[in-house]
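To start, the structure under review is shown below, and the notes come after it.
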Amino acid sequence: MASPARTLQPPFSFLLRLRKSYIVRRTLNAFFKVFLVTTLIFFLIRLMPASPVDVYINLLISQYGMPYEEARNMAAALFSLDLDAPLHLQYIDFLLNLLKGDLGISLVSRGTPVIQMIGRFLPWTLFSVGVAILLSFSVGMLLGMFMAYRRGSLLDTLLTTFASVMSSIPNYLVAILLLVFVGVQWQWVSIHAMRGSLSPGVVPGFNWTFISDALYHAALPIFTYFITTVGQWMLSMKSSTMSTLEEDYVTVARARGLPDRRIALMYVGRNASLPLFTQLALQIGFAAGAGLLIETFFVYQGVGKLLIDSINQRDYTVMQGCFLIITVMVIFANLFADLLYGRLDPRIRIVGGGS
Amino acid sequence: MDSDSILKVENLSVIYQSRRGPVRAVREVSFDLKKGENLALIGESGCGKTTLGLALIRLLSKSARIVQGKILYRQGDRIIDVLSLSDDEVRRFRWQECAMVFQAALNAFNPVIRIWDHIYETAKSHGWTNRNEVREEALELFRMVQLDPHRVIDAYPHELSGGMRQRVLIAMSLLLKPQILILDEPTTALDILTQRTIIELLRRLKEEFHFSMIFISHDLALAAELADRVATMYAGRIIELTDVDSAFERPRHPYTYSLIRTVPTVHGDFQQLQSIPGSPPDLITPPQGCRFHPRCAFMTGSCLDEDPNLMPVDEKSAVACWRWREIDLRIKEAAER
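Chains as they are written, first to last, in my numbering: chain A, 180 to 534; chain B, 3 to 339.
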């Protein structure tokens with residue numbers, strides 16, 4: 180008996196094939212997750228104590244000594260958003276706008292579309308976190324492999340100790356230590372000049388002035404991410420390499436007379452690094468959240484700082500936007516890692532995965 | 003070194019460093035391998051067979067050291083001292099002169115690259131860079147080991163069955179036409195039918211390529227079928243080295259004798275089956291005198307004093323036992339009764 184799929188007309192069988200495709204399934208799944216998290220965030224942030232209006236009233240009272248009545252009137256006039264509308268109507272409104280790609284308008288910085296604010300802050304986060312992850316991933320892998328090859332040596336012992344210590348210190352602590360000692364006590368760098376994402380007057384463009392200035396301002400956050408994550412990569416890669424070195428195919432490769440360099444690269448390195456790519460995705464997720472404190476400490480103009488500021492001011496729309504971005508980053512990093520893993524390890528390639 | 007020998011091992015000893023002390027895995031082993039000859043290394047697990055095989059291509063792990071001895075290899079008119087080769091020379095010696103097929107063929111291939119990549123990188127590492135030539139040769143070898151050449155060459159290792167992988171490895175071991183093929187338990191992980199195929203295959207490949215073979219096995223049936231000579235190893239030493247007929251019909255060493263009696267024969271009855279009492283000795287603190295004496299039924303006082311060396315019995319055989327003459331007589335009498 181022919182299966183129903185085979186008897187269907189071409190357009191339908193195409194749809195069926197599409198449904199079976201691994202990538203399509205995973206992508207749909209990812210979108211569903213984004214939707215779920217976004218919904219949760221929408222309601223959760225509205226459960227936070229004090230609305231943006233309350234926060235603004237408090238600000239006016241404490242900063243300008245306004246009487247409560249006057250502050251309240253002023254705040255009400257400022258906020259055009261009807262926060263008293265029923266929650267489900269607000270939610271539907273939010274979803275419809277989201278479908279159009281509209282994240283709304285900031286409640287506090289009035290008139291500025293959220294998407295524009297994120298567009299201004301996000302590149303800096305991507306830049307600093309991206310450089311840091313790339314750096315710590317590659318340095319950690321190289322050192323981890325080195326440690327596995329030289330296991331038991333003095334250098335291995337030292338590096339392992341360093342890695343264990345560094346991976347157990349939280350990054351905000353490192354940030355504070357950097358600020359207090361390197362910045363204030365010893366004055367090795369001028370943390371004043373390093374604030375922000377760019378020096379005044381530097382225009383973005385593909386030139387050395389811009390790149391070096393961007394790196395200069397991002398140096399402290401990058402260093403903090405790097406130093407707190409590199410240990411994990413080193414330890415993971417070390418243990419992964421050590422077990423790969425025991426594999427029969429490594430012995431056979433040596434018996435086949437392959438040069439040691441090729442064995443280290445194609446046999447040990449390639450196989451040992453496979454499990455690390457899954458970890459990489461998780462790291463990207465955590466780094467997006469880790470930016471919150473680090474960017475605030477170093478006054479770096481990234482999404483993390485934007486989010487902290489918007490939380491303090493209860494700027495609901497900006498918060499939603501930031502959370503959405505972080506969610507999308509985490510979920511799609513995971514998706515990307517899954518697909519990448521399939522490309523790297525032929526055993527994982529799924530039938531019907533297509534490309 | 004005799005002119006018809008391809009390999010000569012003299013007085014070879016290998017020691018592993020362990021926390022409890024040095025493990026004498028191979029002790030003063032000497033043998034030679036003739037051109038085109040099949041030598042079987044048999045013995046229980048842990049008797050040093052695999053270590054000896056690995057030592058021949060200097061592939062021992064870092065904790066192992068060759069403490070004494072010589073490995074001489076004949077390449078045309080030249081005689082090469084394998085132990086004095088530089089690292090790069092050893093690298094080229096492996097596979098090109100002496101290939102080793104391992105026990106665990108299931109894991110012998112890098113899971114992330116195709117069979118063809120394995121083949122080509124092997125050829126390339128030995129200076130053979132003509133892709134078309136290598137591919138033609140590989141396809142021909144696959145055909146000879148009864149694999150579907152085009153399907154196999156572009157497959158990833160996990161797409162092949164265990165028996166197929168074993169055959170791919172055997173085919174690949176002949177890619178560079180080595181003079182010696184070392185097979186470490188070539189059939190152990192395979193089912194009985196696949197074992198059969200591999201044995202037939204090795205026979206045919208030998209006829210075609212005329213290599214010499216050393217195969218390491220605890221499978222006596224395999225040894226009986228493929229070997230010209232049999233070397234029995236016990237506690238790191240070769241304790242009997244003899245032609246295949248003598249090994250099975252007239253073993254001189256009590257250990258070889260017991261070993262053969264542990265395996266059922268096709269027409270023998272099962273009552274004759276006997277296990278060897280005791281267990282293999284600890285190689286860190288081996289027994290005094292003959293290493294086999296605690297398990298030997300023929301043990302006398304002299305066995306406790308000195309470990310016998312391999313001594314010639316006739317032109318074909320040598321045995322390391324003080325009492326081989328008496329044992330020889332006893333076995334003959336038993337056979338006649």
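Idealized CB from N, CA, C, for every residue including glycine.
- The CB of alanine 110 of chain B comes closer than 7 Å to the CB of Asp427, Tyr428 and Val431 in chain A, given here in chain order.
- If you draw a straight line from the Cα of isoleucine 490 of chain A to the Cα of alanine 311 of chain A, it is about 26 Å long.
- Valine 232 of chain B is not a Cβ neighbour of aspartate 221 of chain B, given a cutoff of 9 Å.
- Classified as buried, asparagine 350 of chain A has 16 or more neighbouring CB atoms from the shown chains inside 10 Å of its CB.
- Between alanine 393 of chain A and alanine 432 of chain A, the alpha-carbon positions lie close to 45 Å from each other.
- Under the 10 Å beta carbon count, tryptophan 326 of chain B is surrounded by 16 or more other beta carbons and is classified as buried.
- DSSP places isoleucine 370 of chain A in the helix class (H, G or I) of the three-state scheme.
- By the rule that beta-carbons nearer than 9 Å mark a contact, serine 127 of chain B touches chain A.
- Taking a 10 Å sphere around the C-beta of alanine 434 of chain A, we find 16 or more other C-beta atoms and assign the residue as buried.
- Under the DSSP assignment, arginine 26 of chain B falls outside any alpha helix (DSSP H), being part of the beta strand (DSSP E) whose first and last residues are 23-36.
- Of the candidates B:Phe33, B:Lys126 and B:Glu99, B:Phe33 places its Cα closest to the Cα of leucine 41 of chain B.
- The criterion of a C-beta distance shorter than 9 Å is satisfied by leucine 306 of chain B and cysteine 292 of chain B.
- Per the DSSP secondary-structure output, tyrosine 18 of chain B pairs in a beta bridge with B:Val25 and B:Ala66.
- Comparing alpha carbon positions, the residue from A:Phe502, A:Ile487 and A:Phe515 closest to valine 216 of chain A is A:Phe502.
- Here the stretch 49-57 of chain B makes contact with the stretch 200-218 of chain B; the two share three or more CB pairs at distances below 8 Å.
- Taking C-beta atoms under 8 Å as the contact rule, valine 232 of chain A and alanine 254 of chain A qualify, at a distance of about 5 Å.
- Residues Phe104, Arg167 and Leu171 of the same chain have their beta carbon placed closer than 7 Å to that of alanine 110 of chain B, with the five preceding and five following residues left out of the count.
- Taking a C-beta distance under 9 Å as the contact criterion, serine 319 of chain B and glutamate 242 of chain B qualify as a contact pair.
- Here serine 127 of chain B is buried, its C-beta having at least 16 other C-beta atoms within 10 Å.
- Closest in alpha carbon position to leucine 313 of chain A, among A:Thr408, A:Phe511, A:Leu266 and A:Phe341, is A:Thr408.
- In this model, phenylalanine 306 of chain A and tryptophan 97 of chain B are separated by some 49 Å (Cα to Cα).
- A straight-line Cα-Cα distance of about 27 Å links valine 114 of chain B and aspartate 89 of chain B.
- One Cα belongs to leucine 278 of chain A, the other to serine 200 of chain A, and the distance between them is close to 25 Å.
- Within the same chain, Thr403, Ile473 and Phe476 come within 6 Å of alanine 354 of chain A by CB-CB distance, once the 5 residues on both sides are set aside.
- Under the three-state reduction of DSSP output, lysine 318 of chain B falls in the coil class, being neither helix nor strand.
- Neighbours of aspartate 524 of chain A in chain B, taken as residues whose beta carbon is under 8 Å from its own, are Pro113 and Val114 in chain order.
- For methionine 102 of chain B, the chain A residues whose Cβ falls inside 7 Å of its Cβ are Ala434, in order along the chain.
- Along the stretch 364-445 of chain A, the alpha helix (DSSP H) occurs as fully enclosed runs of 4 or more residues at 370-373, 387-424 and 427-434, listed in sequence order.
- Among the residues of chain B, those whose CB is under 9 Å from the CB of methionine 445 of chain A are Asn112, Val114, Ile115, Asp119 and Glu123, following chain order.
- Histidine 371 of chain A and phenylalanine 360 of chain A have their C-alpha atoms some 14 Å from each other.
- Neighbours of arginine 449 of chain A in chain B, taken as residues at a C-beta separation under 7 Å, are given in chain order as Val114.
- For threonine 218 of chain A, the secondary structure class from DSSP, reduced to helix, strand or coil, is helix.
- Here arginine 239 of chain B is not near isoleucine 329 of chain B, since their CB atoms are 9 Å or more apart.
- When the five nearest sequence neighbours on each side are left out, the beta carbons in the same chain lying within less than 6 Å of the beta carbon of asparagine 513 of chain A are those of Ala460, in order along the chain.
- For the stretch 47-61 of chain B, the set of residues with a beta-carbon nearer than 9 Å to any beta-carbon of chain A comprises Leu56, Ile59 and Leu61, in chain order.
- Taking a 10 Å sphere around the C-beta of proline 180 of chain B, we find 16 or more other C-beta atoms and assign the residue as buried.
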